[in-house]
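Scroll down for the structure; my scribbles are underneath it.
Number of protein chains: 2
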Amino acid sequence: MWDLLIKNLSKFVPLDSQEAGIVQSLFTYKKYRRKQYILQEGDVTRYETFIVKGVTRTYEVDDKGQEHILQFGLEDWWVGDLYSFLTESPTSYNIDCLEDTEVLHITKADLETLYEKVPKMERHFRIIIQNAFIASSQRLSASLAKSAPERYEDFIKKYPQIEQRVANHQIASYLGITPQTLSRIRSQERS
Amino acid sequence: MWDLLIKNLSKFVPLDSQEAGIVQSLFTYKKYRRKQYILQEGDVTRYETFIVKGVTRTYEVDDKGQEHILQFGLEDWWVGDLYSFLTESPTSYNIDCLEDTEVLHITKADLETLYEKVPKMERHFRIIIQNAFIASSQRLSASLAKSAPERYEDFIKKYPQIEQRVANHQIASYLGITPQTLSRIRSQERS
DNA sequence: CGAAAATTTGACATGACTCAACTGGAGTGG
DNA sequence: CCACTCCAGTTGAGTCATGTCAAATTTTCG
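Just so you know, the protein sequences line up as chains X and G, in that order.
For the first sequence, the UniProt record's numbering assigns the number 1 to the initial residue and increments by one for each residue that follows.
For the second sequence, the UniProt record's numbering assigns the number 1 to the initial residue and increments by one for each residue that follows.
In structure tokens form, the structure reads like this:
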């Protein structure tokens, strides 16, 4: 369990065993069941969350009551609403589990402590966020430039591991289309 | 000119005059004319760019030859393709000027030097990127949840300063709609 | 096993796009 | 300084992709 986190944190800046110990002292382990919320709209995001096992979805509910998935979370990924976490304001997102899920999480205060005790972590999280920003930009440009079938193609190429683990209507919600449209795209492809 | 940059860099972490001096030694001033490119598809992004005066657009050209604007840049904003800058790979974006524009820019090597000499800048840029990521996420969720007229409404509320300085067809490209559709939305609103 | 949820399919509606024509203003060269 | 061109913006008509509503079928899970 800790191995995965330490390996993740060492990806851009190596950690020695003393630093790994500090990490272990600051993160907390938690288990969630399928369908359980990790975060609900209106809550303040108290933790940044690292997924050890399982699948999560981060989604938003619009005025018309429709759900829109912004991100799936798998093993070795970070989830949470950064804006709410940093500003301590209520989130407009929901995060729940599509399978039983195990996480390690850290509070804002403890993350500050980590930055203090292991300053190179500041760099690590800058890079993590950079990558998240780049992914978000690329998804945005795809949503402007590409048709639904193209976006679906891109999705299964980029995230084959997700495609196998989540329901079709979840993927439809991620792509910004209806489940019916996705079903039609899929039947087109097969022919 | 330097005041604006120093003020920007001091926003989250104060700088003393010695540190301000280091900043001045690492950034370079440059002028561009209206319609001139700051960055072209295929180039490697050598600089992160801070806008002192003027307006830029960052856009992408899709397979069908259509332009899609990802970002406008105004005074006191940062522009550039982070992915290309960090990985030193060719960019797929173009950045050009909608007005005569003055910038201060910094190379990757000099930015590393800045991080070394003024470590708190690491924090500053983490926060800048966090904010960019949050903005990108919010735009993504808007593009999933909202209709074209709603996105236009949001845009003029959020960026009234941009709306006044750029042509309508540029705004249409930013919103992911055709100029004709934008024109029809505007004539609806007036009635 | 049985209820609830997910997927598929059909018919129809609609929002946005394309193509095309027209208008008006800005910039340019004679 | 005027005529001309060019480009942005507007408007209309027809088309297409995707959404909506509804029903049938299959799968999932308690």
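Here a beta-carbon is modelled for each residue, glycine too, at the ideal position from N, C-alpha and C.
Around X:S137, the beta-carbon contacts reaching into chain G at under 7 Å are L70, S136. Within chain G, no C-beta atom comes less than 8 Å from the C-beta of X:I185; the nearest is roughly 17 Å away.
Under the three-pair Cβ rule at 8 Å, the segment 119-135 of chain G does not count as touching the segment 60-69 of chain G.
In the three-state DSSP reduction, X:P90 falls in the strand class (E or B). The Cβ atoms of X:V52 and X:E75 lie closer than 8 Å to each other. In the DSSP assignment, the residues bridged to X:D96 are X:Y37, X:R57. Within chain X, the residues placing a beta-carbon under 7 Å from that of G:D62 are A145, ordered along the chain. For G:I6, the enclosing alpha helix (DSSP H) begins and ends at 2-9. Looking at the DSSP output, G:L104 shares a beta bridge with G:Y29, G:F50.
In terms of Cα proximity to X:D43, the closest of X:E189, X:E88, X:R57 is X:E88. Chain-ordered, the chain X residues with CB closer than 7 Å to the CB of G:R123 read E122.
For the C-beta of G:A132, the chain X residues within less than 7 Å are, from N- to C-terminus, F133. Look at the segment 153-185 of chain X: the residues with a C-beta under 7 Å from a C-beta of chain G are G176. Taking the Cβ atoms as the reference, X:E48 lies roughly 7 Å from X:L111, within the contact range of under 8 Å. X:V55 and X:T101 do touch by the CB rule: their CB atoms are close to 7 Å apart, below 8 Å. Going by C-alpha positions, G:F155 is about 14 Å away from G:A145. For X:I69, the enclosing beta strand (DSSP E) begins and ends at 67-73. Chain G has a Cβ within less than 8 Å of the Cβ of X:I129. When C-beta atoms of the segment 163-183 of chain G are compared with those of the segment 5-17 of chain G, fewer than three pairs fall below 8 Å, so the two segments do not count as touching.
Put simply, the CB of G:Y83 is near chain X, with a gap under 8 Å to one of its CB atoms. Per DSSP, reduced to three states, the secondary structure at X:V79 is strand. For G:L4, there are no C-beta contacts with chain X under 9 Å, since the nearest C-beta of that chain is about 23 Å from it. Residue G:D96 holds the alpha-carbon nearest to the alpha-carbon of G:Q40 among G:H68, G:S17, G:D96, G:K30.
Inclusion of G:K120 and G:V23 in the CB contact set at 8 Å is not warranted, their separation being larger than that value. A distance below 8 Å separates the beta carbons of G:R57 and G:L98. Between X:S17 and X:T45 the beta-carbon gap is near 31 Å, outside 8 Å, which marks them as no contact.
For G:R126, the nearest beta carbon of chain X is closer than 8 Å to its own beta carbon.
Remark: C-beta atoms of X:S136 and G:F72 do not approach each other more closely than 8 Å. With a threshold of 8 Å between beta carbons, G:L111 makes no contact with chain X. For X:L86, at least one C-beta of chain G is nearer than 8 Å to its own C-beta. At a cut-off of 8 Å, the C-beta of G:L104 has no neighbouring C-beta in chain X. Non-local beta-carbon contacts of X:R34 in its own chain, meaning distances under 6 Å to residues more than five positions away in sequence, involve C97, E99, D100 in chain order. For G:S25, no CB of chain X lies under 8 Å from its own CB, so it is not counted at the interface with that chain. Take the alpha-carbon of G:S183 and the one of G:E189: they are about 10 Å apart. For G:R123, the uninterrupted alpha helix (DSSP H) segment begins and ends at 120-145.
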